[in-house]
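> Quick one: this structure, given as structure tokens, is what I'll be asking you about.
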Amino acid sequence: MNGAKMKTIRSESGPNVGPRGLVPVFLTAAVRLMMLSMCLLRGGAAYGAVTGQSMLPGTVGDGVHDDTAGIQAALDGGSATVFLPSPPKHYVIRQTLVIHSGQTLQVERNATIRLADRALVHMLTNAEHTKGDRGITVSGGIWDGNNASQTCEYHTTGRWQVPYDPKRYLGVLMQFNNVADLRIEHLTLKDPETFGIQVGNLRRFTIEDITFDYNLLRTNMDGVHLHGNCHEGRIVNLKGATNDDLVALNADDGTMFEMSRGSITDIEVDGIWSDNGYNAVRMLSAGSPIRRVRISNIYGTFRYYVATFTNYSIHPGEPSEIGDVVIDGVYCAKPTQPTPRPLDSDEWGRHNGPLFWVESGTRVTDLHLANILRRESLENAPATIHVSNGATVERLAIRDVTVTNQARTPLDFLVNDGTISLLQLANVYLRSEGGEPRGHALLNHKTITKVQRENCLTENLEGQDGWEQAASAK
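Position one of the sequence shown corresponds to residue 187 (the working numbering), numbered consecutively onward.
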């Protein structure tokens, strides 16, 4: 073999690889035998990836036969990575798949795993909810909850104010409880009965590149739902419309869904795209605090809210505290048309739900809103920010905002019915296009103790300069 050929074989394509990445014939059998031996070892390479697109033993993927046992056997076999190739049609499962510590479930990006008709189970969970798991990754696949052929107690009876029961089918696709170093990535969640992802008691987690392909057939169809005792997490690049909170940070829940209670801290949410979505991010505290949250880069239209600070009276009398929150980069408005399958309350939400809402009874200690651009075309649209009666915001800092009202009806910017201790405004530009002056920069009906305002400009709003009520705030 001459020098030129030797150089080709040892190129960046890898050892023993010739032109165009072809393995020499005399090595093919040996290489395959070596790969097979490695994959049969416990904890070895990807189970199911030995011959490329070959199916896992015990799976058919024809969309008819039950593939649960075959997939679960591979997960129970102890391999570090279990690989599911694209099936002839789609996988069918009738029981919940269980993944273990130190394990990766790798699914071809467009391979569908579908919940069987009337299965009434969650699709995927971790093995040790009590003792805890560590180092779990789920990557790829289209996870189809087949909600048209399922029903859960929440939708059947309407009963939700009952204690959490781990045996109850809640209608969620993926449920993870008590996991450190969890990663969920590069997958599509399709048609759950309720939530796409439900998690609690997490430390160090990443949920990334998730598409929500929801038929909006049910109510309470959340996207990523965090319960209490979740820390050091990153939730990024979420796309699609849901029929409830696209991201919920619920330190408390008070219902059949309350898998865990406790503080939520050190969370980053970055990148949400939704057309005619419901609510981008909810924060709910009713007994347990939420602290140090950064939310960035939200795009699209939302029927109800962009971000909410709530307590929902789920644990009456317990304190609601949310603090150290930064929301930076919001490019949103209200949808001008309803969804093809609207909820009964959608029209209320479109015309009454502000982009940012602090609910009565909620205390927010430090809230920063920055780089907000709203170009509103909906007639009779709600305010951009509303602090409700009985709500408290100790410091509300708002900067680098442009709101353009293209509708013929008034559009208010900040409505305060609660208590704001310090309101700081900088580089805010509010404008109503054409016609008579309409809308207010500030409607203060209750208490604003101190106002600092710099470089704030209004054009074609009501009042002398739109901010006259700031001067009389008390």
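Virtual Cβ for every residue (Gly too), placed ideally from N, Cα, C.
I need the boundaries of the alpha helix (DSSP H) containing leucine 261, first residue and last residue.
254 to 262 is the span of the alpha helix (DSSP H), which, as asked, contains leucine 261.
> Which residues mark the beginning and the end of the beta strand (DSSP E) in which asparagine 591 is found?
Its beta strand (DSSP E) spans residues 578 to 591.
> Between the segment 457 to 475 and the segment 362 to 375, are three or more C-beta pairs nearer than 8 Å?
The segment 457 to 475 vs the segment 362 to 375: no contact.
> Measuring alpha carbon to alpha carbon, tell me which of Val589, His631, Cys338 ends up nearest leucine 643.
Selected option, being the one with the closest Cα: Val589.
> Label proline 274 either buried or exposed according to how many other C-beta atoms from any shown protein chain fall within 10 Å of its C-beta, with 16 as the threshold for buried.
Looking at its Cβ environment, which holds fewer than 16 other Cβ atoms inside 10 Å, proline 274 is exposed.
> Under 7 Å, do histidine 308 and glutamine 258 count as touching if we go by C-beta distance?
Their beta carbons are not under 7 Å apart, which means histidine 308 does not touch glutamine 258 by this criterion.
> Are there 16 or more other CB atoms within 10 angstroms of the CB of methionine 220, so buried, or fewer, so exposed?
Legend: pLDDT at methionine 220 = 39, less than 50; position of this residue unreliable, no value from coordinates given.
> Once the 5 residues before and after alanine 302 are set aside, which same chain residues still bring their CB inside 6 Å of it?
Taken in chain order, the residues that qualify are Val278, Arg280.
> Just to confirm my understanding: we take histidine 501, look at its own chain, exclude 5 residues before and 5 after, and list those with CB closer than 7 Å. What are they?
Result list for histidine 501: Asp438, Gly440, Ala472, Gly473, in chain order.
> Given this structure, state the Cα-to-Cα distance separating proline 524 from valine 601, to the nearest angstrom.
Cα to Cα, the separation comes out at about 25 Å.
> Give me the Cβ distance between valine 492 and cysteine 518, rounded to the nearest whole Å; I'm assuming they're in contact under 8 Å.
So it is a contact: roughly 5 Å between Cβ atoms.
> Please classify asparagine 364: does DSSP put it in a helix, a strand, or coil?
Reduced to three states, the DSSP call for asparagine 364 is strand.
> Output the boundary residues of the beta strand (DSSP E) element that contains aspartate 452.
It spans 450 to 470 - the beta strand (DSSP E) in which aspartate 452 sits, taken as one unbroken run.
> Can you tell which of Val479, Leu388, Asn415, Ser272 has its C-alpha closest to the C-alpha of tryptophan 329?
The candidate whose alpha carbon is nearest that of tryptophan 329 is Ser272.
> Classify threonine 342 as helix, strand or coil using the three-state DSSP reduction.
Residue state, collapsed to three classes: helix.
> Measure from the alpha carbon of cysteine 416 to the alpha carbon of each residue in Thr342, Asp430, Met469, then state which is nearest.
It is Met469.
> Decide if aspartate 319 is buried, meaning its Cβ has at least 16 other Cβ atoms within 10 Å, or exposed.
Result: buried.
> Identify the residues that DSSP records as bridge partners of phenylalanine 443: which are they?
None; phenylalanine 443 has no bridge partner.
> Nearest CA to the CA of leucine 743: which residue from Glu379, Ile634, Ser499?
With the chain running from 187 to 660 in the structure shown, residue 743 is simply not present.
> Here's the rule I'm using: 16 or more other beta-carbon atoms within 10 Å means buried, otherwise exposed. How should glycine 535 be labelled?
Buried, because 16 or more other Cβ atoms sit within 10 Å of the Cβ of glycine 535.
> With distance defined between alpha-carbon atoms, name the residue in Ser446, Ala434, Asp452 nearest to isoleucine 458.
For the residues Ser446, Ala434, Asp452, the minimum Cα distance to isoleucine 458 belongs to Ala434.
> Determine the closest residue to asparagine 429 out of Asp395, Asn462, Ser607, Leu291, with distance taken between C-alpha atoms.
Of the listed residues, the one whose Cα sits closest to asparagine 429 is Asn462.
> Would a C-beta distance cut-off of 7 Å place glutamate 444 and arginine 404 closer than the cut-off?
Not closer than 7 Å, so no.
> Comparing C-alpha positions only, which one of Leu608, Gln638, Gly649, Leu359 sits nearest to leucine 616?
Comparing Cα-Cα distances from leucine 616 to each of Leu608, Gln638, Gly649, Leu359, the minimum goes to Gly649.
> Would the beta-carbon of valine 365 fall within 7 Å of that of isoleucine 383?
Cβ distance not < 7 Å, so valine 365 and isoleucine 383 don't count as in contact.
> In chain order, what are the residue ranges of uninterrupted beta strand (DSSP E) at least 3 long that sit wholly in the segment 594 to 660?
As far as the segment 594 to 660 is concerned, its whole beta strand (DSSP E) runs of at least 3 residues are 600 to 602, 605 to 618, 628 to 630, 633 to 645.
> Here's the rule: buried if 16 or more other CB atoms are within 10 angstroms of the residue's CB, otherwise exposed. What is aspartate 530?
When all chains shown are included, aspartate 530 counts as exposed.
> Are the beta-carbon atoms belonging to glycine 244 and alanine 255 less than 7 Å from one another?
Yes. Within cutoff.
> What is the rounded straight-line gap between the Cα of tyrosine 490 and the Cα of methionine 407?
Taking the straight line joining both Cα atoms gives about 14 Å.
> Just to confirm, are aspartate 552 and arginine 527 a CB contact at a threshold of 7 Å?
No. Outside cutoff.
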